[in-house]
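Each remark here refers to the structure printed beneath this line.
There are 2 protein chains.
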Amino acid sequence: MDCPQLKLENQLCFPLYAASKEITRRYAPYLEPLDLTYTQYIVMLVLWEEKKCNVSELGKKLFLDSGTLTPLLKKLEAKGYIQRTREQSDERCLSVSLTAEGESLKRKAASVPKSMASCVNLSEPEAKTLYTLLYKVLEGFTAE
Amino acid sequence: MDCPQLKLENQLCFPLYAASKEITRRYAPYLEPLDLTYTQYIVMLVLWEEKKCNVSELGKKLFLDSGTLTPLLKKLEAKGYIQRTREQSDERCLSVSLTAEGESLKRKAASVPKSMASCVNLSEPEAKTLYTLLYKVLEGFTAE
DNA sequence: TAAAATTGAATTGTATACAATTAAAATGAA
DNA sequence: TTCATTTTAATTGTATACAATTCAATTTTA
């Protein structure tokens, strides 16, 4: 059995998987001064934009479920970056919002994207193409 | 603070992270009949090509370390797909090779790539471009 | 309106991931 | 040749991920 389609080099999934992991790993040194992991960082990105968000909204935006988010949000709360409160109007919903400390952390994070961009060896147009193709893959999925 | 560079939509890392996770997740139904997870599957891809490989070689090819591979390889051994033996010439090295059952699993796996490709909503040239850009990112990293 | 269905988080269980450390084996230098 | 160094896996500890289940709150329906 030759099966060229089973060769690692013929998979599209693999460089996607490997590149994603490598990028996440290389974020760590830049995120460590903020006391954030990569996943915690993208949650903070949403909150810096939205100010307030419940768990299911976070999950939809970030492709994460409550099994991942619940413990992660408890950690962010323990660090003092966010508050978790039940919504008055619907006690099922957990509302997540920034503390003053969480808000001020945004200033320290401002330099992270530039530092990371310099790690990725792509030209601006290449990066844009990659971005577009990745979103096309994602949207092709959500279409189901 | 406006900080456009901190918006989720301006990150290249995020669609990479999300698309990778989604693809991995969508492999599961196709891999379940093989009793393989995604990571176990890519280990098998290497072994179907190489026949024999030690842990550090696997790690280099797949961007995984021994902390991930050691327990994963023990599971593949427990399933009866691989053998783990110390090399005669250097007892530090653990040689991983296919059993007859692991080898014959290749036949059942042959249809997986085509099934997955149909999940990804890209034209052939788009997929090729994506592939090339992802490897460029990966190679830019290994250059350090 | 009371029961059924749905929704939103939390919990449980399994499987990665990776940093840091450990331990054994092999190599190299004095 | 002996001891320090290096190499290779394994182990430990922390942090995701996600499927499946549970549980409480809300909504829908008969």
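Protein chains in written order, with the numbering used here: chain A, 5 to 148; chain B, 5 to 148. For glycine and all other residues, C-beta sits at the position ideal for the given N, C-alpha and C. Nothing here was measured: the structure is a model prediction, and the numbers come from that model.
Within the model, the alpha-carbon separation for residue 126 of chain B versus residue 52 of chain A is close to 33 Å.
Between the region 20-32 of chain B and the region 19-31 of chain A, the count of Cβ pairs shorter than 8 Å is three or higher; the stretches touch. Residues of chain B whose Cβ lies closer than 9 Å to the Cβ of residue 125 of chain A are, in chain order, 140, 141, 143, 144, 145 and 147. Separation of residue 101 of chain A and residue 56 of chain A (C-alpha to C-alpha, rounded to the nearest whole angstrom) is 5 Å.
Within the region 14-101 of chain A, the runs of alpha helix (DSSP H) that reach at least 4 residues and sit entirely inside it are, in chain order, 17-35, 42-54, 59-66 and 70-83. Flagged as an interface residue toward chain A: residue 46 of chain B, by a C-beta distance shorter than 8 Å.
Annotated as distal: residue 116 of chain A and residue 80 of chain A, with beta-carbon spacing of 8 Å or more. The beta carbon of residue 73 of chain A sits closer than 7 Å to the beta carbons of 59, 62 and 63 from its chain, once the five residues preceding and following it are set aside; these are given in chain order. A distance below 8 Å separates the beta carbons of residue 35 of chain A and residue 41 of chain A. Around the beta carbon of residue 8 of chain B, fewer than 16 other beta carbons lie within 10 angstroms, which makes this residue exposed. Here residue 38 of chain A is near residue 113 of chain A, since their CB atoms are less than 8 Å apart. From the listed residues B/11, B/19, B/99 and B/66, the smallest Cα separation to residue 143 of chain A is found for B/19. Residues are counted here when their Cβ sits less than 8 Å from a Cβ of chain A; for the region 66-91 of chain B these are 66 and 67, given in chain order. Ranking B/94, B/98 and B/93 by CA distance to the CA of residue 87 of chain B puts B/98 first. For residue 124 of chain B, the three-state secondary structure derived from DSSP is coil. What residue 36 of chain B touches in chain A, judged by beta-carbon distance under 8 Å, is nothing: the nearest beta carbon there is about 16 Å away. Chain-ordered, the chain A residues with CB closer than 7 Å to the CB of residue 110 of chain B read 5, 7 and 10. When DSSP states are grouped into helix, strand and coil, residue 140 of chain A belongs to the helix group. For residue 108 of chain A, the uninterrupted alpha helix (DSSP H) segment begins and ends at 104-113. At a Cβ-Cβ threshold of 8 Å, residue 137 of chain B and residue 134 of chain A count as neighbours.
Looking at the backbone, the Cα of residue 77 of chain B and that of residue 70 of chain A are separated by about 29 Å. At a beta-carbon threshold of 8 Å, the residues of chain A lying near residue 28 of chain B are 17 and 21, ordered along the chain. The beta carbons of residue 110 of chain B and residue 12 of chain A sit no closer together than 8 Å. Against chain A, a Cβ distance below 7 Å from residue 129 of chain B picks out nothing, because the smallest value is about 11 Å. Residue 84 of chain A counts as exposed, since fewer than 16 other C-beta atoms from the protein chains shown sit within 10 angstroms of its C-beta.
Contact between residue 123 of chain B and residue 29 of chain B fails: their C-beta atoms lie close to 10 Å from each other, not under 8 Å. Using a 10 angstroms sphere on the CB of residue 92 of chain B, the tally of other CB atoms stays under 16, which defines it as exposed.
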